[in-house]
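Colleague: For the sequence shown, the working numbering gives the first residue as -6, with consecutive numbering after it.
Pasting a structure here, questions to come.
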Amino acid sequence: MDKLDRFGAQVSHKDQLDIDVFGEAAELMLGYAPDPVGMINTLLEKSPDFIMARCFLAGIFLTASDKRRQPLMHKHYDILATQAEHANEREKGHIHALKLWSGGNLYAASQAYADILNTCPRDIVALQLGHQTDFLLGHASSTRDRPTRVLGHWSKTDPQYSYILGMQAFGLEEAGHYSAAQSMAERCVGMNEKDTWGVHALAHCLEMQGKVDEGVDFMTRCEDRWGNDTYMSIHNRWHLGLYYLERCEFDTALAMHDAHMAVTPKSELMDMHDSAALLWRLQMDGVDVGDRWNVVADNYACVIDQAYMSFTDLHAMMSFAATGRDKEAKAQIAVLENAATANTDTGTIIQQAGLPLVRGFEAFGRGDYAAAKRHIGNARHNSHLMGGSIAQRDVINWTLIEAAIRDGDTPMANALLAERTLMKPHSPLTDMFARKAA
Ligand SMILES: [Fe+2]
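See below:
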């Protein structure tokens, strides 16, 4: 008879102390706290036959979004393939998801994590990993629905309940159900102050509804709980920076960048995206960001050949365009043109969203605003394919507005500003764009 992990899901491993360590690491992962990877690596050195722990570690690498982590995923998948005959049904589901992702079947892998939950709804690892694949693949409805399907199998007395509410709240927000999302996110944050994903969900709700003052008030009140130098501590401050941009408080946003998002040669890609996204917006708003781009562009130059996540490619192009690195920009477009011909999930995403949007940002950087308008305008409604959140992808709309303004296309600029005003009727930033358009 299989033992249960601390969440109530079966594991084939028999050592209770090992299972407890696995549970502790998985719980840290739920709060995006350090260092579940280190804990599981140590655990696997002691107990290399702990299948579920290895599935968890490989799944973290699967969702890492940086192609440089893929060899680690492959390494652990190869070991799991030799252990599969000893795996239980839950673990076989994880191994299947890893196999699909390894083979480039990204959408099928995401569904494989969902399938595990049909028979094992207490597998919170499958839930979180699947939730992250929804984010990487831009599946808003699945982001909303995946937690919904398991929520009835959890009780508010479960210590992990708030984490599921946080995922649910984020999914509701991404799917546009702002009122329900905000209620759920507030409930989640009230239950567990360690839940940085719940904080993040509420930040998104307030952002999308233009509740900027409320957002600044909420985020600054809980900022001291996020810690420093973790992905969520950086990304939540990026959200705070967005609020300052919306209020045209550019100096404060830039200070927020420098305090928490400044890139170093060792920065992770996801953290670099936050820096690039904020610098790009600030620069479009007329702020001189000095030489801050240089290290960002240096780092992105090392991943030009990935052609893996279009979200990465777009942010890389921001850095090349901002620094006038034509050679890197051309190299990246050539890599994407080649990758777009592949008959794979990634090839389709690059063809339909990544490549045209990267071309648009490259044209913007060269000052060819007519071309930027054409490329971005034609592809922006496919931008969800490249993953990330609506708030993150909003940089595409900002860039199109700015391209229209710089191209002297006032009718297009005004039409795009009408879109912004629908959800954010009282925005100093929109007013600033409108003045420039006029
Ligand atoms: Fe976010």
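Ideal placement from N, C-alpha and C gives every residue a C-beta, glycine not left out.
Let's test the definition: count the other Cβ atoms within 10 Å of the Cβ of residue 419 and tell me whether it reaches 16, buried, or not, exposed.
Modeller: The residue is exposed, with fewer than 16 neighbouring Cβ atoms inside 10 Å.
Colleague: Is residue 432 near residue 164, with beta carbons less than 8 Å apart?
Modeller: Lying before the first or after the last residue shown, residue 432 is absent from the chain, which here runs from -6 to 431.
Colleague: How would you call residue 395, buried or exposed, if buried means at least 16 neighbouring beta carbons within 10 angstroms?
Modeller: Its Cβ being crowded by 16 or more others within 10 Å, residue 395 is buried.
Colleague: Where are the alpha helix (DSSP H) runs, 4 residues long or more, that stay fully inside the stretch 362 to 420, in chain order?
Modeller: With a minimum length of 4 residues, the continuous alpha helix (DSSP H) runs that stay inside the stretch 362 to 420 are 362 to 372, 383 to 399, 403 to 416.
Colleague: Taking the alpha-carbon positions, what's the residue 20 to residue 282 distance?
Modeller: Straight-line Cα distance between these residues: approximately 39 Å.
Colleague: Checking 8 Å against the spacing of the C-beta atoms, do residue 203 and residue 416 come in under that value?
Modeller: Yes, the pair counts as a contact, with Cβ atoms nearer than the cut-off.
Colleague: Taking DSSP as the reference, what is the three-state secondary structure of residue 345?
Modeller: Three-state result, residue 345: helix.
Colleague: Pull every residue with its beta-carbon under 6 Å away from any heavy atom of ligand 1, and keep them in chain order.
Modeller: The filter returns 193, 197, 228, 232, 382, 384, in chain order.
Colleague: Mapping the DSSP letters down to three states, classify residue 256 as helix, strand or coil.
Modeller: Reduced to three states, the DSSP call for residue 256 is coil.
Colleague: So residue 231 and residue 267 are supposed to be a Cβ contact under 8 Å. How far apart are they, rounded?
Modeller: At roughly 4 Å, the Cβ-Cβ gap stays under 8 Å, so residue 231 and residue 267 are in contact.
Colleague: With H, G and I counted as helix, E and B as strand and the rest as coil, what does DSSP make of residue 299?
Modeller: Coil at residue 299, not helix or strand.
Colleague: Under the assumption that residue 331 contacts residue 349 (Cβ atoms under 8 Å), give the Cβ distance between them as a whole number of angstroms.
Modeller: Their Cβ separation, rounded to whole angstroms, is 15 Å, which puts residue 331 and residue 349 out of contact at 8 Å.
Colleague: Do residue 226 and residue 220 count as a contact pair if the criterion is CB distance below 8 Å?
Modeller: In contact: residue 220 and residue 226 (Cβ atoms closer than 8 Å).
Colleague: Just list the residues that DSSP pairs residue 3 with in beta bridges.
Modeller: -3, per the DSSP bridge assignment.
Colleague: Just to confirm, are residue 167 and residue 382 a CB contact at a threshold of 8 Å?
Modeller: Yes, the Cβ-Cβ distance between residue 167 and residue 382 is below 8 Å.
Colleague: Mind checking which residues open and close the alpha helix (DSSP H) that includes residue 104?
Modeller: Residues 99 to 112.
Colleague: Taking the alpha-carbon positions, what's the residue 276 to residue -4 distance?
Modeller: So the two alpha carbons sit approximately 55 Å from each other.
Colleague: Whose C-beta lies closer than 7 Å to the C-beta of residue 134 among residues of the same chain, with five residues either side of it excluded?
Modeller: Result list for residue 134: 168, in chain order.
Colleague: Run the proximity test for residue 116: is its beta-carbon closer than 7 Å to any non-hydrogen atom belonging to ligand 3?
Modeller: This structure does not include ligand 3; its bound ligands are ligand 1.
Colleague: Only counting the same chain, and skipping five residues up and downstream in sequence, which positions put a Cβ closer than 7 Å to that of residue 100?
Modeller: Cβ within range, chain order: 130, 338.
Colleague: I need the straight-line Cα distance from residue 254 to residue 280, nearest angstrom please.
Modeller: Roughly 17 Å between the two C-alpha positions.
Colleague: Output the distance between the C-alpha atoms of residue 294 and residue 317, rounded to the nearest integer angstrom.
Modeller: Going from the Cα of residue 294 to the Cα of residue 317 covers about 13 Å.
Colleague: Would residue 307 and residue 274 qualify as a contact pair, given that the criterion is a beta-carbon distance under 8 Å?
Modeller: Result no, Cβ atoms of residue 307 and residue 274 do not sit closer than 8 Å.
Colleague: For a test of the three-state rule: what should DSSP assign to residue 147, helix, strand or coil?
Modeller: Reduced to three states, the DSSP call for residue 147 is coil.
Colleague: Are the stretch 63 to 77 and the stretch 91 to 99 touching by the rule of at least three beta carbon pairs closer than 8 Å?
Modeller: Contact between the stretch 63 to 77 and the stretch 91 to 99 is present, because at least three Cβ pairs lie under 8 Å.
Colleague: Roughly how many angstroms separate the alpha carbons of residue 397 and residue 366, rounded to a whole number?
Modeller: So the two alpha carbons sit approximately 7 Å from each other.
Colleague: In whole angstroms, what separates the C-alpha of residue 345 from that of residue 117?
Modeller: Distance between the alpha carbons of residue 345 and residue 117: 33 Å.
Colleague: By Cβ distance, which residues of its chain are closer than 7 Å to residue 2, with the 5 residues on each side in sequence left out?
Modeller: Only 83, 113, 115, 116 meet the Cβ criterion.
Colleague: Name the two residues that bound the continuous alpha helix (DSSP H) containing residue 219.
Modeller: Here residue 219 belongs to no alpha helix (DSSP H), and DSSP marks it neither H nor E.
Colleague: So within the stretch 175 to 218, which uninterrupted alpha helix (DSSP H) runs reach at least 4 residues, ignoring any that extend past its ends?
Modeller: If we require 4 residues or more, the alpha helix (DSSP H) runs fully inside the stretch 175 to 218 come out as 189 to 201, 205 to 215.
Colleague: Do you know offhand how far residue 245's Cα is from residue 206's?
Modeller: Whole-angstrom Cα-Cα distance: 14 Å.
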